[in-house]
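> Residue numbers for the sequence shown, in mature numbering (1 follows the signal peptide of the UniProt record, and there is no 0): -25 to -1, 1 to 194. Where is the CB? At the ideal position from N, CA and C, for every residue including glycine. Since this is a predicted model, take the numbers as computed values, not measurements. One structure is given below, represented as structure tokens, and several questions about it will come after.
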Amino acid sequence: MRISRAPRTTTALALALALTLSACGGTEGATEGIEATAAPTGASSETGDDDAGAGGTETGATDDTGSDTGSATDGQGTQDGGAGEDITAAALAAIEAAQQETGGTAYEVDGDDDGTWEVDLRVDGRSVTVEVDAGGAVTRVGEDDLDAEELAAMDAAQVSLEEAVTTAVDEVGGSLDDASLEEEGDPSWEVSVDRGPGSGDDVDVWVDAVTGEVLRTDA
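Here is the structure:
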């Protein structure tokens, strides 16, 4: 009878061991299940980061576009101002070319739409008119007498035609249209300045021929 109990004890121990191993295997399975679930969660988080990064990139693209638009606007403004400066510079160059050609002193200048400038100069007590084309070529077109008042105004003037033009354009902006020495009363330069499309009529600027000060402007 004692011999027959031993196999039962062995069998009970074997069953207990099997249950223990089974329990351990279940725990490992549960752990694997948790890890499997965590992996997709991590993937989802990475996807969210990528989306957020893409959103940031799109926002940057919008900023770049805005910056480019601002530059285009600034460029347009610079271009308009540059055109006025070019016309005035061409007038001043024409005056200089006429004076070098004749040895006289310019007292009047008037521009044409084709880029030609007509310049009147005092040469040896007489008035000489020359044309300077857009290419800088100088052609003498006529001579005339100067009266006493004109000569007196020219003698009194301390400010040159070129200086008066620069002062007037700096005062109101735009580009030179024409300018001449006014001999009535105290000598002064009357400078007509074109301020471009949409700005109304030309502006006339009077510059003191002695002091170089702006006396008044009339639109």
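#1: Would you mind sorting R97 into buried or exposed? The rule is 16 or more other CB atoms within 10 Å of its CB.
#2: Given a cut-off of 9 angstroms on the beta-carbon distance, is the pair L151 and S167 in contact?
#3: Going by C-alpha to C-alpha distance, which of V134, D161, R101 and T192 sits closest to V180?
#4: So, do the segment 97 to 113 and the segment 134 to 151 have three or more beta carbon pairs nearer to each other than 8 angstroms?
#5: Could you pull out every unbroken beta strand (DSSP E) segment of at least 3 residues lying fully inside the segment 82 to 115, listed in chain order?
#6: Where does V185 sit, in a helix, a strand or coil, going by DSSP?
#7: At which residues does the alpha helix (DSSP H) containing A139 begin and terminate?
#8: What's the call for residue 259, buried or exposed, on a 16-neighbour Cβ count within 10 Å?
#9: Excluding five sequence neighbours on each side, which residues of the same chain lie with their C-beta closer than 6 angstroms to the C-beta of V105?
#10: Report back the beta-carbon spacing between T142 and V189 to the nearest angstrom; my notes put them in contact at under 8 angstroms.
#11: For the candidate residues A194, A123 and M129, whose alpha-carbon lies nearest to that of D176?
#12: With E118 and V103 assumed to form a contact (beta carbons below 8 angstroms), what rounded beta-carbon distance in angstroms separates them?
#13: How is A123 classed by DSSP in three states: helix, strand or coil?
#14: Answer with buried or exposed for G100, where buried requires no fewer than 16 other C-beta atoms within 10 angstroms of its C-beta.
#15: Out of V182, V178 and E137, point me to the one whose CA is closest to A68's CA.
#16: Kindly indicate which three-state DSSP category E158 falls into: helix, strand or coil?
#17: Assuming D176 is part of the beta strand (DSSP E), what are its boundary residues?
#18: Within this structure, are the beta carbons of A131 and A184 separated by less than 9 angstroms?
#19: For A127, is the classification buried or exposed, using 16 other Cβ atoms within 10 angstroms of its Cβ as the cut-off for buried?
#20: Within 10 angstroms of the Cβ of A65, are there 16 or more other Cβ atoms? Answer buried if so, exposed if not.
#21: Quick one: residues in its chain with C-beta nearer than 6 angstroms to the C-beta of Q133, no 5 flanking neighbours on either side, listed in chain order?
#22: Quick one: what does DSSP say G59 is sitting in, helix, strand or coil?
Inspection of the coordinates gives the following:
#1: buried
#2: yes
#3: T192
#4: no
#5: 92 to 98 and 101 to 107
#6: coil
#7: L136 to V147
#8: The displayed coordinates of the chain run from -25 to 194. Any statement about residue 259 would go beyond what the structure contains.
#9: A73, V94, V113 and R115
#10: 7 angstroms
#11: A194
#12: 5 angstroms
#13: helix
#14: exposed
#15: E137
#16: coil
#17: Where D176 is concerned, there is no enclosing beta strand (DSSP E), given that its DSSP letter is neither H nor E.
#18: yes
#19: exposed
#20: buried
#21: V185
#22: helix
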